[in-house]
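Here's the structure we're looking at; comments come further down.
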Amino acid sequence: MIEHVSSTNENIRKGIAASLGLTTEVLMKHRHAQISAINLLRAVYELPVSHWFSECIRQAIPSLVDIAVKSGSNDVRQLALCMTHDLCGKVEFQGDIKDAIMKDLNNQLESQYPPTGRHHDVLSQLLKCAESVKKGMEQRQMPFSLPCPWGSPVDFLRDVVRTLLDKIITLSIYGEEMEIDTAQMLLRQIVEDERLNPNLEIDVSRWLNDATTPRFLWTSVPENFINVSGIFKNHLTVDMPFLSKLVEMAANGGSDGVRVASIDLVSTVCRDRDLSSESAQQIASIIRSERQSIIAKWSKPSRCASWIPLIGDMAKRVWFAEAVPIMLEIWKEASVNEDESCRDAEQWLISALISEELSSNPSYQESLANTLPNDLEILVSGAQSQNKVKEIVARVLKIVAQNIKDGIGDTADIDDQSNLPVSRPLRQFLDQPAHWEYRAVWVDILATLTRYFPIELPSVPVIIARMALRDPDSEVQNVCFNALQLLMDQTAESLNAIRSTVLSNSDAFFDSQDYRARHFIAVFLACLGQSKESLQYANEMHLWSIPELVEENLKSAFQDDKKEVRLSWIEFLATIKIHEAKPSVTRKLLDVAIKDPTVMDEAIGALQRLLKDGALLTA
Numbered sequence: 122m123i124e125h126v127s128s129t130n131e132n133i134r135k136g137i138a139a140s141l142g143l144t145t146e147v148l149m150k151h152r153h154a155q156i157s158a159i160n161l162l163r164a165v166y167e168l169p170v171s172h173w174f175s176e177c178i179r180q181a182i183p184s185l186v187d188i189a190v191k192s193g194s195n196d197v198r199q200l201a202l203c204m205t206h207d208l209c210g211k212v213e214f215q216g217d218i219k220d221a222i223m224k225d226l227n228n229q230l231e232s233q234y235p236p237t238g239r240h241h242d243v244l245s246q247l248l249k250c251a252e253s254v255k256k257g258m259e260q261r262q263m264p265f266s267l268p269c270p271w272g273s274p275v276d277f278l279r280d281v282v283r284t285l286l287d288k289i290i291t292l293s294i295y296g297e298e299m300e301i302d303t304a305q306m307l308l309r310q311i312v313e314d315e316r317l318n319p320n321l322e323i324d325v326s327r328w329l330n331d332a333t334t335p336r337f338l339w340t341s342v343p344e345n346f347i348n349v350s351g352i353f354k355n356h357l358t359v360d361m362p363f364l365s366k367l368v369e370m371a372a373n374g375g376s377d378g379v380r381v382a383s384i385d386l387v388s389t390v391c392r393d394r395d396l397s398s399e400s401a402q403q404i405a406s407i408i409r410s411e412r413q414s415i416i417a418k419w420s421k422p423s424r425c426a427s428w429i430p431l432i433g434d435m436a437k438r439v440w441f442a443e444a445v446p447i448m449l450e451i452w453k454e455a456s457v458n459e460d461e462s463c464r465d466a467e468q469w470l471i472s473a474l475i476s477e478e479l480s481s482n483p484s485y486q487e488s489l490a491n492t493l494p495n496d497l498e499i500l501v502s503g504a505q506s507q508n509k510v511k512e513i514v515a516r517v518l519k520i521v522a523q524n525i526k527d528g529i530g531d532t533a534d535i536d537d538q539s540n541l542p543v544s545r546p547l548r549q550f551l552d553q554p555a556h557w558e559y560r561a562v563w564v565d566i567l568a569t570l571t572r573y574f575p576i577e578l579p580s581v582p583v584i585i586a587r588m589a590l591r592d593p594d595s596e597v598q599n600v601c602f603n604a605l606q607l608l609m610d611q612t613a614e615s616l617n618a619i620r621s622t623v624l625s626n627s628d629a630f631f632d633s634q635d636y637r638a639r640h641f642i643a644v645f646l647a648c649l650g651q652s653k654e655s656l657q658y659a660n661e662m663h664l665w666s667i668p669e670l671v672e673e674n675l676k677s678a679f680q681d682d683k684k685e686v687r688l689s690w691i692e693f694l695a696t697i698k699i700h701e702a703k704p705s706v707t708r709k710l711l712d713v714a715i716k717d718p719t720v721m722d723e724a725i726g727a728l729q730r731l732l733k734d735g736a737l738l739t740a
């Protein structure tokens, strides 16, 4: 009948369409009439001339989508979903369905008081969709089983990011407990799937200013904000006001959790971004002004140690005279109880103190005593004021050295696999195949401490020498070789400890595929020959075996494909003082001087020095 009447007159058709649209809209607002309204809409949709009533159908789509999402009656909801899916099959309605879905989700994420649970329902549905997309199950997981007028759920989620991200972030900071957890999981999915966040950049300043007001100080809001900022750490708009506020939160953020999370976030941002020296200087200035708060106000004092890596990082970037005294104060506070936090504090402190930027800068050493405040309560008993920094640092180093010494066993503790004389506590740092950086850092720490405490740590050179041969990573081996050369130049004790290990494993060095090992053996022999202390061991078998060792390997050494190795052997031969240069050795050196143009000058120089010293008198 509708079709017949509508066909007679265009004005009548328009009037019928307007009436149908109004009737459908009114019926859909009444729960008991929704089935009738949907059936009426379907009847119009199935008319052969349904295109006459496209506007009527389009007008009903928002209400239809709302029923499909919210209806408490499963029958009504399924009827609405079925109708929506059918409409989605026509291109002319897909844009309207997109708009209706996004508008409905947006409305449901608006603030609600008292809470109704709708926030959590929507967030959960979006999270399931994001998870299904990540797993490649895209066809079955649109929220609330809605149709997908987008090209795919990936396109839908991109629209969610563009349209709803601010509301999701707000709920992840201020929502109810379940909403917060779900919202933050959804944000992680968005960040982890690069398809969903092209060119994503987040300015969190509007949440930062509110979340850090006093009314939220002892609530979960500040910590929620830090957690959300951490999720977006690679997508944050970072400026100095933002960093300054984070550092202030780390100093005065209320709970320990907020403070530690703030420190971690600042450290991450500073490490991963190209931080300007001006920004680093401002952060250092805030740390300086908040010195007391940084060390105090902790529920668990040992957690203040979290500051040490950040302060050390700022000191490496810019001149920060107070950095070391502040770190020492923190170390003292964190070391009240000997637990894991205490050990972390020690490791972080030593890593900062031995860093090239701090240890090689004379200005730090010169100014620390002058910049240290008079009321610093971490002095060693009886220390003079002008030596207070030296005494404090020595005390820290001594404690750490003792802890490391306790981790080094005797030969009975040697593990068959790694052949390192270390007990379990230290082995956890030196025996981590997946973390070569840890092993390299600990080789540096062990070598540095042994320079200061060679008597307390006699086994360290042996450990490092064995790691130089056996570590699976070439970078760690390189650190080991550099550390060994440093130790040989420092003390006779270290040289003698290395001597036995290297000479008893000389074949491994000579035959190594790593040219650094072949280079090292020549450097080692030269150092051994120049050492006055070595003369007292002249009766030992190892020392008497050196001439034969040299003669056996010299030919292959001079034919080595690495110029560095050939040069190191020439330099070694020029230092021979502990035995006469055998004719065969000097002939090989002369042969190199004639035939190898890449090292000719150095070989001639070595021959001249040997002749001057009288080492060739018997040649």
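If you read the sequence shown in the numbering used here, its first letter stands for residue 122, the second for the next number, and so on. Glycine residues also receive a C-beta, built at the ideal position from the N, C-alpha and C atoms.
In this structure, how does DSSP classify residue i when only helix, strand and coil are distinguished?
i      : result
Leu396 : coil
Ala613 : helix
Lys256 : helix
Glu344 : helix
Pro268 : coil
Asp534 : Note that Asp534 scores 43 on pLDDT, short of 50, meaning its location in the model is unreliable; the coordinates nonetheless yield the value given after this. Three-state result, Asp534: helix.
Asp594 : coil
Trp720 : Just to set this straight, residue 720 is Val in the shown sequence, not Trp. Three-state DSSP puts Val720 in coil, outside helix and strand.
Thr634 : First, the residue type needs correcting, since residue 634 is Gln and not Thr in the sequence shown. Of the three classes helix, strand and coil, the one that applies to Gln634 here is coil, per DSSP.
Lys418 : coil
Tyr658 : Confidence in Tyr658 is poor, its pLDDT being 45 and thus under 50, which makes the residue's placement unreliable; the coordinate value appears in the next sentence. It is helical.
Pro169 : coil
Phe441 : coil
Determine the closest residue to residue i out of the options, with distance taken between C-alpha atoms.
i      : options                           : result
Leu474 : Phe693, Asp565, Gly296 and Arg380 : Asp565
Ser689 : Asn674, His640 and Lys211         : His640
Cys601 : Val445, Arg587, Leu364 and Val325 : Arg587
Gly378 : Lys421, Ser398 and Val439         : Lys421
Ile323 : Met609, Asp302 and Asn355         : Asn355
Arg620 : Thr707, Ala629 and Leu649         : Leu649
Ser677 : Leu646, Phe631 and Trp339         : Phe631
Leu308 : Trp328, Asp287 and Glu297         : Asp287
Ile404 : Val381, Gly433, Glu672 and Ser376 : Gly433
Gly351 : Trp339, Leu329 and Pro362         : Leu329
Val243 : Glu252, Asp225, Lys256 and Gly257 : Asp225
Ala164 : Leu141, Ala589, Asp722 and Leu449 : Leu141
Ile585 : Glu369, Ala604 and Glu596         : Ala604
Leu338 : Glu450, Ser376 and Ala643         : Ser376
Glu313 : His206, Glu252, Val147 and Lys683 : Glu252
On the DSSP letters alone, give me the boundaries of the alpha helix (DSSP H) that residue i sits inside.
i      : result
Phe214 : Val212 to Gln229
His153 : Careful: His153 lies outside any alpha helix (DSSP H) and carries neither H nor E.
Asn318 : Element bounds for Asn318: n/a, residue is neither H nor E.
Val312 : Glu298 to Glu313
Thr284 : Pro274 to Tyr295
Ala586 : Val581 to Arg591
Thr205 : Asn195 to Cys209
Gln180 : Ser175 to Lys191
Ala444 : Ala444 to Ala455
Glu688 : With the sequence shown as reference, residue 688 is identified as Leu, and Glu is not the correct amino acid for it. Leu688 -> alpha helix (DSSP H) spans Lys684 to Leu694.
Arg438 : Trp428 to Arg438
DSSP beta-bridge partners for residue i?
i      : result
Ile323 : Leu357
Just to confirm before moving on: does the CB-CB distance between residue i and residue j stay below 7 Å?
i      : j      : result
Phe265 : Trp271 : no
Ala372 : Ser414 : yes
Pro268 : Ala221 : no
Leu248 : Met306 : yes
Val275 : Ile311 : no
Ala455 : Ser423 : yes
Ile447 : Arg412 : yes
Val201 : Ile188 : The question names Val, but residue 201 is Ala in the sequence shown. Closer than 7 Å, so yes.
Val387 : Leu367 : yes
Ala618 : Pro593 : no
Ile384 : Ser427 : yes
Ser341 : Thr303 : no
Phe679 : Leu646 : no
Ala629 : Leu590 : yes
Phe353 : Ile294 : no
Lys709 : Leu675 : yes
Say yes only if the C-beta of residue i is nearer than 6 Å to one or more non-hydrogen atoms of the ligand MN, and no if none qualify.
i      : result
Ala304 : As for the ligand MN, it is missing from this structure, which has no ligand bound.
Counting contacts by CB-CB distance shorter than 7 Å, is residue i in contact with chain C?
i      : result
Thr707 : Among the chains of the structure shown, chain C does not appear; only one protein chain is present.
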